[in-house]
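As you go down the protein sequences, you meet chains B and Y in turn. Final position of the first sequence in our numbering is 1317; the numbers increase by one with none missing. Final position of the second sequence in our numbering is 700; the numbers increase by one with none missing. In this text, a Cβ means the ideal position worked out from N, Cα and C, and glycines have one as well. In this text, all values refer to a predicted model and were calculated from it rather than measured experimentally. Following: one structure in structure tokens, then a few remarks.
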Amino acid sequence: MSLIVKTVTRLTVGLILLYGVYIVSQGHLSSGGGFAGGVMIALSFVHMMLAFGKETAFKKLSEAKALFFESLGVLIFLGIALLGLVGGVFFLNFLPPGEAFRLFSGGTIPFSNIAISLNVGAGLFTVFLAIVLLNNDSERK
Amino acid sequence: MTMMVLYILLVLMIVGSIIAVEIKDLLSSVVALGAVGLGLSIVFLLLKAPDVALTQIVVEIFMVIILIRATLRRDLESSPTRSRPLGAVAAIGFIAILMMIATTSFKDLPTFGEPAMRVAATYLEQGLSKTGAGNLVAAVMLDFRGYDTLGEATVLFTAVIGVSAVVRRIGRKKANRLKGRENA
């Protein structure tokens, strides 16, 4: 891509990633949540990849690593659900609810949000990588 | 006022969808699809569902990027459209039957803007005190209905595993090598 695109990307990609993290971490307080924030995190990586090429993006997050984080997200979410069994019920909110509208409130909900954002963000980036790699290979033939 | 804006957006979205289906150029079709998604996001925002609007716009952006990436440098020929009179008649017939079923069955639905609050009323009353989450959507998604979200996460996980299994490089390299050997 051109110099203008690269410069603008260098300035904005961190902000996009930060906004995604913000949406995830405030998911239990304001609108948003794990899914939307996870897609934003994936979009920041996609943004970087479109501007700087796939080698740069690969250095930051390779396909194997992305798959690892995706599986980790699902496992954390399942683990939170299974930890509820300690209290007797699947998906029991075993942590104290805390004071409403504070960052540390809502029991297990913030942790579930983080797990889902890992799952969605890494998963969608993996899909994008796979499709781009497939395209490149078919173009080379 | 809101209803008026909703109707205008609805007409715009229908027009955009028709353009996306009918236009010959694939890139223009993707752009029209993106416009439909943006309209849908504004509709969700007007109906006071910011969570859904946020998810809709973000997923739409991702999808448009993937579609543009997939269609940009490729001269996919648009499928040859033959005139099929029987198909058109069948389509109109099915649409008429579906419209008749819809008009009879939609009568029993609660009217727009007055939802039946049998289960949701409990969530609204006890959501904050039971979970402590200020955003009730998050409380319903991850606490009351956590099981559904687990299913959704599993579906996404399976889809990603499937995609990366189908388009993985190792298997294709092997197939290419085999093909090269046959040609040689």
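Residue i at chain Y interface by Cβ criterion, 9 Å
i          : result
GLY1203(B) : yes
MET1224(B) : no
ILE1292(B) : yes
GLU1275(B) : yes
GLY1209(B) : yes
GLU1231(B) : no
LEU1310(B) : yes
SER1206(B) : yes
Per-residue burial, residue i [other beta carbons within 10 Å of its own, 16 or more giving buried]
i          : result
ILE524(Y)  : exposed
MET615(Y)  : exposed
GLY1297(B) : buried
THR665(Y)  : buried
THR619(Y)  : exposed
SER621(Y)  : exposed
MET633(Y)  : exposed
GLN642(Y)  : exposed
THR674(Y)  : exposed
Below-9 Å beta-carbon distance, residue i vs any chain B residue
i         : result
ARG693(Y) : no
PRO626(Y) : no
LEU556(Y) : no
VAL679(Y) : yes
VAL547(Y) : no
Test: residue i CB closer than 9 Å to a CB of chain D
i          : result
LEU1243(B) : Absence of chain D from the displayed structure is noted, the protein chains being B and Y.
Completely contained alpha helix (DSSP H) runs for the segment 587-653 of chain Y, where each covers 4 or more residues: Complete alpha helix (DSSP H) runs here, min 4: 601-621, 636-647.
Meets three-Cβ-pair contact criterion under 8 Å: the segment 1217-1229 of chain B and the segment 1261-1278 of chain B: Flag = no, the segment 1217-1229 of chain B and the segment 1261-1278 of chain B do not touch.
The segment 1189-1208 of chain B contacting the segment 1282-1294 of chain B, beta-carbon criterion three pairs below 8 Å: Contact between the segment 1189-1208 of chain B and the segment 1282-1294 of chain B is present, because at least three Cβ pairs lie under 8 Å.
Cβ contact check for the segment 1301-1311 of chain B and the segment 1266-1275 of chain B: 3 or more pairs under 8 Å: Touching, no, given that fewer than three Cβ pairs across the two stretches are closer than 8 Å.
Cβ contact (3+ pairs, closer than 8 Å) linking the segment 540-548 of chain Y and the segment 558-577 of chain Y: They do not touch, by the three-pair rule.
Meets three-Cβ-pair contact criterion under 8 Å: the segment 1224-1242 of chain B and the segment 521-538 of chain Y: No: fewer than three Cβ pairs fall under 8 Å.
Inter-stretch contact (C-beta, 8 Å, three-pair minimum) for the segment 1273-1286 of chain B and the segment 1178-1194 of chain B: For the pair of segments examined, the segment 1273-1286 of chain B was found not to touch the segment 1178-1194 of chain B: the number of CB pairs separated by less than 8 Å stays below three.
Runs of alpha helix (DSSP H) lying entirely within the segment 1184-1252 of chain B, each at least 4 residues, in chain order: Within the segment 1184-1252 of chain B, the alpha helix (DSSP H) runs of at least 4 residues that lie entirely inside it are, in chain order, 1210-1228, 1230-1236.
Three or more C-beta pairs below 8 Å linking the segment 1182-1190 of chain B and the segment 533-544 of chain Y: Verdict: no, contact absent.
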